[in-house]
Amino acid sequence: MVNLTILAGGYTTFVATYFFNTDTNALSLAGQSTTGANPSWIALHPTNSSILYTVNENDPGSLQSFTIEKDFLLSPAVDTVSSGGDGPAFTTPLTTGQVAIMDYNSGTGQITPTVSSDALQFESATPITFPAPVSHPHMALQNGDEVLVPDLGADKIWRLNQVAPNTPGDWEIHGFIQQPNGSGPRHIALKDGFLFTVHELASTLTSQRLPPAPNGTTPLISNFSVIPPNPPAGAAFAAAEILFPNQSLQFSGDFIYVSNRNTGTQDSRGDAITIFKTTPEGELSIVDYVFTGLDQIRGMQLFGENDEFIIAGGYAAGGVAVFQRTGNGNGLKLIARNTDLPTRTSFVWVH
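Printed below as a string of structure tokens:
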């Protein structure tokens, strides 16, 4: 028997621990660890799997650090620092020992240093204000020395650079990648020099070559709706998450998984994960729509030795579901569900 451990955040005051048994395909809730309010997004340290970072999506917002104990529950919060704004909906650590956090409501963000000898302890950072009439930054993705920040209010992907090599925590905007007006870029993925963007407001997935910094432009190669066919009357969609796993011994690495959120009249089958195939030229094509039984998918995470599983959760209802990737990655099969907690919004695999 192999138990895989998943931690899950949400709009509560705790992070949940789940165990997935790969022999029986059973997903069980193993415990709950108290955190600050609304740890809606959580992230694992890139090299130390015993360190977890969480947002507190509040006004004012916060960033917290925790130790993952031997029983896979969390320690009390080790450190808490201000996010510098209102409603941080995303955090991720960088390879430099800094932790990015983006404030959705206030259009701000910061990249917070940690103590060089202790990644659980935060140091001060300079807040970044994104210069747009309406700004809703929703993610940060490291790309070498820069950080890309999709802003669904500004229809831009901001490009950030550290001001100087010896100034961790002090970052500035050095350019942007313009996106279609009104599209609402939310989350992004990079692979082989291509930029793949999920647009929340347009419910689309686009592909383009990553433009040269700071303000280069490239045309869209593909632009597809992610909405499943024949939605119920009164449905209202807002695309959310993107997963683009690498090639493995089991899978080709050509497939992207994008989640839908129907905030209107629900489909009896729940929201769908849309599967796309990519080509070496960055072109996209739709492969399938997999209905999940989840209401408003807001978190998805790959896990398993070959990224053979996807765990997903609903923001509104449906609990947590595990899917097994099938074929060469072109399919998903529901193999487990747990409804002990009705909602979860972010996941990490502890390994």
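Counting in our numbering, the sequence shown runs from 39 upward without gaps.
Glycine is no exception: its CB is placed at the ideal position from the N, C-alpha and C atoms.
Residue i to residue j span [Cα, whole Å]
i: Pro-257; j: Leu-67; result: 46 Å
i: Leu-243; j: Pro-218; result: 12 Å
i: His-212; j: Phe-160; result: 25 Å
i: Thr-301; j: Ser-154; result: 43 Å
i: Gln-304; j: Pro-266; result: 12 Å
i: Ser-221; j: Asn-199; result: 25 Å
i: Ala-178; j: Ile-44; result: 22 Å
i: Leu-233; j: Gly-182; result: 14 Å
i: Ile-166; j: Gln-148; result: 6 Å
Among the options, nearest to residue i - alpha-carbon criterion
i: Phe-329; options: Val-296, Ser-384, Gly-302, Asn-344; result: Val-296
i: Pro-380; options: Ala-354, Val-388, Lys-371; result: Ala-354
i: Gly-308; options: Gly-351, Trp-387, Ile-149, His-174; result: Gly-351
i: Glu-184; options: Thr-133, Asp-141, Leu-190, Thr-316; result: Thr-133
i: Ser-113; options: Thr-317, Leu-158, Val-172, Ala-271; result: Leu-158
i: Asp-345; options: Leu-287, Leu-186, Thr-150; result: Leu-287
i: Asn-59; options: Thr-146, Ala-374, Gln-70; result: Ala-374
i: Thr-317; options: Leu-90, Thr-51, Arg-247; result: Arg-247
i: His-83; options: Val-137, Ser-245, Thr-72, Asn-204; result: Val-137
i: Lys-229; options: His-237, Gln-216, Val-116, Ser-245; result: Ser-245
i: Ser-144; options: Asp-189, Phe-104, Tyr-327; result: Asp-189
i: Asp-141; options: Gly-123, Gly-135, Thr-130; result: Gly-123
6 Å CB neighbourhood of residue i in its chain, flanking five on each side removed
i: Glu-210; result: Val-201
i: Pro-77; result: Gly-47, Val-53, Thr-92
i: Asp-208; result: Thr-164, Val-201
i: Gln-102; result: Gly-74, Thr-92, Ala-115, Thr-118
Cβ-based burial, residue i [other Cβ within 10 Å; buried from 16]
i: Pro-283; result: buried
i: Gln-180; result: buried
i: Ser-306; result: exposed
i: Glu-107; result: exposed
i: His-176; result: buried
Residues of its chain near residue i, where Cβ-Cβ distance is below 8 Å and the 5 sequence neighbours each way are ignored
i: Ser-100; result: Gly-74, Val-93, Asn-94, Thr-118, Val-119, Ser-120, Ser-121, Pro-126
Beta-carbon proximity list for residue i, same chain, < 7 Å, skipping 5 on both sides
i: Thr-377; result: Gly-357
i: Ile-324; result: Phe-262, Thr-312, Phe-314
i: Leu-252; result: With the sequence shown as reference, residue 252 is identified as Pro, and Leu is not the correct amino acid for it. Closer than 7 Å at Cβ, skipping near neighbours: Arg-197, His-212, Gly-213.
i: Val-264; result: Ser-241, Thr-242, Leu-243, Ala-277, Val-296, Asn-298, Thr-312
i: Thr-72; result: Thr-51, Phe-52
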